[in-house]
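Asker:
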Amino acid sequence: MQYQSYWHATSTPFASAQPGPVEGKVDVVVIGAGFTGLNAARKLAREGVSVAVLEARHVGFGGSGRNGGHLNNGMAHGYGEAKAHLGAERAKALWQAYDRSIDMIEDVIAEEGIACDFRRSGKLKLASKASHVAGLRANFETIHREVDADTRFLEQHELEGEIGSDQFHGGMLYGKSAMMHMGRYVTGLAEAAHRHGAKIWEDAPVTGRRREDSGWLIETPKGTIRAERVIAATNAYSNSVETAPLGFFKKRIISVGSFIVATRPLSDAEIAATLPGNRTYVTSMNIGNYFRLSPDKRMIFGGRARFSATSDQNSDAKSGKVLRAALAQMFPQMAKVELDYCWGGMVGMTKDRFPRAGEADGMIYGMGYSGHGAQLSTLMGQVLADMAMGRTDTNPLQGLDWPKVPLHSGKPWFLPLVGMYFGLKDRIS
Numbered sequence: 001m002q003y004q005s006y007w008h009a010t011s012t013p014f015a016s017a018q019p020g021p022v023e024g025k026v027d028v029v030v031i032g033a034g035f036t037g038l039n040a041a042r043k044l045a046r047e048g049v050s051v052a053v054l055e056a057r058h059v060g061f062g063g064s065g066r067n068g069g070h071l072n073n074g075m076a077h078g079y080g081e082a083k084a085h086l087g088a089e090r091a092k093a094l095w096q097a098y099d100r101s102i103d104m105i106e107d108v109i110a111e112e113g114i115a116c117d118f119r120r121s122g123k124l125k126l127a128s129k130a131s132h133v134a135g136l137r138a139n140f141e142t143i144h145r146e147v148d149a150d151t152r153f154l155e156q157h158e159l160e161g162e163i164g165s166d167q168f169h170g171g172m173l174y175g176k177s178a179m180m181h182m183g184r185y186v187t188g189l190a191e192a193a194h195r196h197g198a199k200i201w202e203d204a205p206v207t208g209r210r211r212e213d214s215g216w217l218i219e220t221p222k223g224t225i226r227a228e229r230v231i232a233a234t235n236a237y238s239n240s241v242e243t244a245p246l247g248f249f250k251k252r253i254i255s256v257g258s259f260i261v262a263t264r265p266l267s268d269a270e271i272a273a274t275l276p277g278n279r280t281y282v283t284s285m286n287i288g289n290y291f292r293l294s295p296d297k298r299m300i301f302g303g304r305a306r307f308s309a310t311s312d313q314n315s316d317a318k319s320g321k322v323l324r325a326a327l328a329q330m331f332p333q334m335a336k337v338e339l340d341y342c343w344g345g346m347v348g349m350t351k352d353r354f355p356r357a358g359e360a361d362g363m364i365y366g367m368g369y370s371g372h373g374a375q376l377s378t379l380m381g382q383v384l385a386d387m388a389m390g391r392t393d394t395n396p397l398q399g400l401d402w403p404k405v406p407l408h409s410g411k412p413w414f415l416p417l418v419g420m421y422f423g424l425k426d427r428i429s
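For reference, each letter of the sequence shown is one residue, going 1 to 429 in full-length UniProt numbering.
(1) Whether or not the segment 167-181 and the segment 136-150 are in contact is what I'm after, with contact meaning three or more pairs of Cβ atoms, one per stretch, closer than 8 angstroms; do they touch?
(2) As an exercise, report each continuous beta strand (DSSP E) stretch of at least 3 residues that is fully enclosed by the segment 371-406, in chain order.
(3) Closest by CA to R66, which one among A76, H8 and R209?
(4) In the structure shown, what three-state DSSP assignment does Q325 receive?
(5) Measure from the C-beta of L379 to each C-beta in chain D and report whether the shortest distance is under 9 angstroms.
(6) Sort G188, A40, L94 and K123 by Cα distance to G113 and report the nearest one.
(7) With E23 and I225 assumed to form a contact (beta carbons below 8 angstroms), what rounded beta-carbon distance in angstroms separates them?
(8) Please report the distance separating the alpha-carbon of R210 from that of M363.
(9) Quick one, which of E359, E155 and L44 has its alpha-carbon nearest K199's?
(10) State whether the segment 277-295 contacts the segment 119-127, with contact taken as three or more CB pairs (one from each stretch) at a distance under 8 angstroms.
(11) Taking the DSSP output, what are the residues bridged to V206?
(12) Taking the straight line between their C-alpha atoms, what separation do you get for A374 and R145?
(13) Using the C-alpha atoms, what's the distance from R252 back to P403?
(14) Spell out a yes or no on whether the segment 80-88 and the segment 99-110 are touching, meaning 3 or more CB-CB pairs, one atom from each, closer than 8 angstroms.
(15) Kindly list the residues whose CB is nearer than 6 angstroms to the CB of H372, restricted to its own chain and excluding five residues on each side of it in sequence; keep chain order.
(16) Of all the options M349, Q4, I271 and L323, which has the alpha carbon lying nearest to the alpha carbon of residue 466?
(17) Exposed or buried, which one is M420 when buried takes at least 16 other CB atoms within 10 Å?
(18) Tell whether a beta-carbon distance below 9 angstroms holds between V348 and L397.
(19) Just mark L417 as buried or exposed, buried being the case when its beta carbon has 16 or more other beta carbons within 10 Å.
(20) Let me know the secondary structure DSSP gives L275 once reduced to three states.
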C-alpha cells in the first residue's frame, strides 16, 4: 500500500513553476496554490492584473489534492439550521453559491480544456439509523421547497439499486452534485493560470510580511516580492509553522485531520455489488464516512477516522486501519479487497462550520470551508479576485463576523474531547 494521495499519484505534476528566485513586483500576491488561490490568480491574470502565487510545497499539496473527490452541493449544515444561524436570505444565498461554484468548475474545465473526469453524478446522503430518517426527510422537504427542486427522497426499498449495503434506512438525493479527478483539475487550473500570465512559485513558503509604502513586502526562503494586495488562500494550512505571518487565521481556523483509502480497481461485478448507483455518498453520522468510485474503478472511502491535528504516515496508517474496518462493516463483500492508497489531509474548520471570506489584517482571505471546500473554493477564488480589483458585491459571505475560537492559538488541543462528544452523540442518537 502506498501512503500518498491517489490524486497526487495519478496526475501529472505542474510543470510551469517559476525556476528562479522569488523576486519582482506585482499587483497581487496569492498565498496558497489550491483551488481558491489558483482560480483567484487565473481570474486576475485574465483581467490583466499582474499576479504571483506562492506555494509552500507544490501545486495542490494541501486540501485540493487530499480530499475525497466530491463536488457536493449543499452546506455542512441542515438547511433549517443554516437559516436559524444566518437568516433566510443569507442561508439561501450561500446555498446558491455552492450550486454556482459547481457550475463554474464545469465552465472552467470546458474553457481551459482540463481533462479531469468531471461528471454530474448526484450525491446520496444516507440515513445511517432509523432514527435519522425523520430529520433527513424534514431537511429534504425544506430544501426541495425553498432552494433546490432537483432533490428527491429515497425510501429504504429504493436504495437497492444505489448501494450494496443493508445498513441504511433511506436517503436524500441531490441531483446537481458532481465528482472529478481532483489532482488533474488542480494541475489544469495551475497551468491555465500560468498560461494567462500568473507566475507560480513552488517550495516558497511565506515567512514574513511587512508593510511598505502603499503595499507589502513578502518574504520567502527563495527571495522577496512586493505587491499592492495580498490574498490568503491557505485554509487548514494556515496553522502550519511555514505560514507564520497568518496569525489572524490561526486563532480562527481549527485544522482537523481527514483520512482516506483507495482500493485496487474493482471488477464490474464488484461495483454492481457495492456502488451500482455510481454517485458520491455520505452517511448521516456525526463521525461518518464518504465514498465514491474513482475514474479507474477504485472505491475511495474516507472519514474522520481519528480526531487528529496531524497527517503524517504514522497517523495515516493508524487511520487506514480504522477505515478498513469501517469499509468491511459497511460492505462485508469488500473485507478482503486490497487497499492500494492511504492518505490524510487537513480540513479547515470554523467554530460554526460556515466558511469565511473578507478582508482582515491587511489581507483578502477565503477559507474555513469545513470539509466542503472542493465544491465552493473555485467560486471563492473568483470572489477574492473581484475583491482585489475593488468589487465586493459578489461575496456571499460579506460582513459575516468571524470571532476567535476561545483558548485556541493554532494547535487544537481539544480535538480528542470533540471526538468523544460526537462519538457519544452517534451512539445515543
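Cβ coordinates follow ideal geometry from the N, Cα and C atoms, glycine included. Remember, predicted model here, so these are calculated numbers, not experimental data.
Answerer: Taking the coordinates as given:
(1) As far as the Cβ criterion goes, the segment 136-150 touches the segment 167-181, which means the pair count is three or higher.
(2) Here no run is fully enclosed.
(3) Nearest of A76, H8 and R209 to R66, Cα basis: H8.
(4) Per the sequence presented here, residue 325 reads as Ala, with Gln not at that position. Helix at A325.
(5) Within the model displayed, chain D is absent; a lone protein chain is all it includes.
(6) When the alpha-carbon of G113 is set against those of G188, A40, L94 and K123, the nearest one is in G188.
(7) A Cβ-Cβ distance of about 6 angstroms is found for the pair E23 and I225, placing them in contact under the 8 angstroms criterion.
(8) Note on geometry: alpha-carbon atoms of R210 and M363 lie some 12 angstroms from one another.
(9) That would be L44, whose Cα lies nearest to the Cα of K199.
(10) Yes, they touch.
(11) DSSP lists no partner for V206.
(12) Rounded to whole angstroms, A374 to R145 spans 26 angstroms at the Cα level.
(13) Separation of P403 and R252 (C-alpha to C-alpha, rounded to the nearest whole angstrom) is 7 angstroms.
(14) Result no; under three Cβ-Cβ pairs closer than 8 angstroms.
(15) Correct list, in chain order: A76.
(16) A query on residue 466 cannot be resolved here, the shown segment of the chain reaching from 1 to 429 and no further.
(17) Per-residue confidence for M420 stands at a pLDDT of 48, beneath the threshold of 50, marking its modelled position as unreliable; no derived number is given.
(18) The displayed chain sequence assigns Gly, not Val, to residue 348. In this structure, L397 does not lie closer than 9 angstroms to G348 by Cβ.
(19) Confidence at L417 is low in this model, with a pLDDT of 47, below 50, so the placement of that residue is unreliable and no value is reported for it.
(20) In the structure shown, L275 adopts coil according to DSSP, grouped into three states.
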